[in-house]
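Taken in order, the sequence shown gives residues 5 to 123; the numbers are from the working numbering.
Here is the structure we will look at.
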Amino acid sequence: MIEYITKSELRNFAGKLNINEQVNLRKSASSRALSGATFLSHSSKDDDLVVGAIRVLEGHGAKVYVDEIDPEMPPYTTEETAGLLKSRIRQTKRFVLLASKNSKDSRWVPWELGVADGC
């Protein structure tokens, strides 16, 4: 597996799919069974990179979970959101961080990393 991938490469992987395919990929990643899945932690400001990251990880055999449109997540951030995220991270087999300046500055990404580190 490659050691790192650039933002432009992630955008290129995503760009090979039409909009409907990108939407369907996101939906499937937000509603899949968590057992054996890979939790993809990312900043919402890096939204343009998520589809490419999912494609790369799935190309290596991962079943990726992203929380952004999980139908069980509350529409607004609450304590329940934190509890559900913690549960999702613990239920998945792997945790992958989409590292960027945005993820470093995010309120949630460092917290998710801490939860994953404690699993």
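All C-beta atoms in this analysis are idealised placements derived from N, C-alpha and C, irrespective of residue type, glycine included.
Backbone secondary structure at residue i - three-state DSSP
i	result
THR42	strand
VAL113	helix
VAL70	coil
Nearest-angstrom Cα separation, counted from residue j out to residue i
i	j	result
LEU29	PHE17	12 Å
VAL119	PHE99	10 Å
GLU62	TRP115	25 Å
SER104	THR42	19 Å
LEU89	SER47	14 Å
LEU117	ASN24	31 Å
ASP71	SER35	9 Å
SER12	VAL54	12 Å
GLY19	ARG92	28 Å
Rounded distance between the beta-carbons of residue j and residue i, thought under 8 Å
i	j	result
ASP52	ARG15	6 Å
ILE9	VAL60	6 Å
Local Cβ density within 10 Å of residue i, reported as buried at 16 or more and exposed below that
i	result
ALA37	exposed
SER107	buried
ILE73	exposed
THR82	exposed
VAL113	buried
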